[in-house]
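Numbering (the numbering used here), first residue to last: 69 to 641. All residues carry an ideal CB built from backbone N, CA and C; glycine is no exception. One structure is given here, and the rest of the page talks about it.
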């Protein structure tokens, strides 16, 4: 307590005016619960169903975790090797401006809670400014942070001034020697002081403890005792094996086993009500100021009520902690796509979220497809492959005849080519005199991928991510940029672009179909053809690391209507 008082006095002396303490955590929690469960009008329900943050199973995602950095000042042995993990160059990570831009876009689409994570988020020099900027976003109700607590005694008061609503603190032992063994660093006293300071400032901190057999299972009751006089929420997290901790599945201690252990000492240990999207099962010993929670991601998943999305430090949206599906919002932003396209990309990622995660059985453990850690800090292991957001496009061109006689002969037929003048020179058609009408065009393409790639696409196990969704988005963006890729195409305001990407397992191919519509003076068949071409090139780009034996074929117009000459392809019988 002396250490706590010393740090608290030093921080409070820095304040020019008194800092009002937060309301008690119970009141804050009750207020949040009222917000979360308040009655919804019919339009609100409809908006949720139409939102890009609602997946195909009706789960509306209102909670975004943003990783601010890959770096950490601890080396917890269940999270990463002793020598750390390979870090990406700084230019591959999101800038502060990009983080804030994406936060704003997510909030505008319906996110109401943001949690800042890492690595260790407090090692960023601009962490206080980031919290303040996010709290200024209209409609954002909650900003929290997950930290190892090493620098809380220095940063917590500035963070509170900036508007920080809550904090989670990772602490796996109440014994100093064990702390140094598991984290390979010193600082246990600072973490405890940070927890006590948080309580003094009016927070009800959550203390996250990863339980590990033959390491800290003998401290379970000590952690429960920790809640007797402190209004803290100790949360026991089931140990998650992964490649960085050598898949030690025997270290897992289940939720039920832990509850039985606690009830041997406190038979009255009872379950508490949980919110609809809570990942933690709440319990408490009657009369204790704090409570205990259990995060059972290994033995009893909570996928059915999951409302969480993750944004990695390098700008990938991750819809499931256990999945390898990632979509690079960083690449999209740096390709200068519109915010509408960014929202489309986010929506495509969310719609590809599965009903539940494909975690392994503890008895038959196998690595996750991407070999990454599924633990709470979501550290990034070496994986430099990233999905391409927009495939490279080839410009179509005419081969002009080199001989004068051939040019003269061609000139006699130029009048039938709308993009060539009487002298054989390329020209853009003047459509100013054409009537305005509804124009619609459909096109298709086929990518033959073979048996192995068919299996990988179906299981979504390619290193670059979800092939079908990324191809779909690339096709949509390609259609919108047709005039930039095809020199003599008009820049058309499109009213609708739809791209379908379907894996045909029996034919071992990906079939792509685009439908493009506009109201204008020229047709949109080139936009439809560009869409399927770009989508096909994207499929190739995402699969080429496995095989180059891929064939793009059957790129063709299916139909066009609304102009002088309608067209409908007739299939040969």
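Limits of the unbroken beta strand (DSSP E) element including residue i
i	result
residue 212	210-215
residue 277	274-279
residue 234	234-238
C-beta contact flag for residue i and residue j at 8 Å
i	j	result
residue 237	residue 278	no
residue 599	residue 578	no
residue 177	residue 120	yes
residue 137	residue 192	yes
residue 298	residue 358	yes
residue 348	residue 363	yes
residue 258	residue 218	yes
residue 302	residue 353	no
residue 395	residue 417	yes
residue 638	residue 583	no
residue 589	residue 567	no
residue 594	residue 550	yes
residue 213	residue 184	yes
residue 289	residue 229	no
residue 180	residue 209	yes
residue 375	residue 133	no
residue 373	residue 344	yes
Identified DSSP bridge partners for residue i
i	result
residue 384	396
residue 507	586
residue 181	131, 210
residue 570	579
residue 122	128
residue 377	132
residue 636	627
residue 338	352
residue 360	302, 351
residue 564	585
residue 620	515
The alpha helix (DSSP H) enclosing residue i, as first and last residue numbers
i	result
residue 576	That residue, residue 576, is in no alpha helix (DSSP H); it is neither H nor E in DSSP.
residue 156	Careful: residue 156 lies outside any alpha helix (DSSP H) and carries neither H nor E.
residue 257	256-268
residue 250	244-251
residue 140	Careful: residue 140 lies outside any alpha helix (DSSP H) and carries neither H nor E.
residue 221	220-230
residue 601	593-611
residue 415	407-419
Same chain, Cβ closer than 8 Å to residue i, neighbours up to 5 away in sequence not counted
i	result
residue 397	170, 379, 383, 384, 385, 410, 413, 414
residue 618	515, 516, 517, 518, 521, 607, 608, 611, 612
residue 327	337, 351, 362
residue 294	242, 275, 300, 302, 358
residue 166	383, 398, 401
residue 339	349, 350, 351
Chain-order list of residues whose beta-carbon lies under 6 Å from that of residue i (same chain, five-residue window excluded)
i	result
residue 188	140, 141, 216
residue 42	The structure shown does not extend to residue 42, since the chain is modelled only from 69 to 641, so the question has no answer here.
residue 323	362, 364, 367
residue 620	515, 604
residue 319	280, 281, 307
residue 247	241, 256
residue 537	416, 420
residue 175	205, 207, 208
Residues of its chain near residue i, where Cβ-Cβ distance is below 7 Å and the 5 sequence neighbours each way are ignored
i	result
residue 124	419
residue 622	512, 513, 514
residue 190	215, 219, 223
residue 573	522, 526
residue 423	125, 371
residue 156	138, 382
residue 263	217, 237, 273, 275, 300
residue 285	279, 321
residue 429	Residue confidence for residue 429 is low, a pLDDT of 38 falling below 50, so the modelled location carries little weight; the figure read from the coordinates is stated next. Same-chain partners within the cutoff: there are none.
residue 235	212, 213, 215, 266, 271, 273
residue 563	585, 586, 587
The stretch 632-639 in contact with the stretch 523-543 per 3-pair CB rule at 8 Å: no
Cβ pair count under 8 Å reaching 3, the stretch 507-520 against the stretch 569-584: yes
Would you call the stretch 610-619 and the stretch 557-574 touching, i.e. three or more CB-CB distances under 8 Å? no
Could you tell me whether the stretch 196-210 touches the stretch 235-250, using the rule of 3 or more Cβ pairs below 8 Å? no
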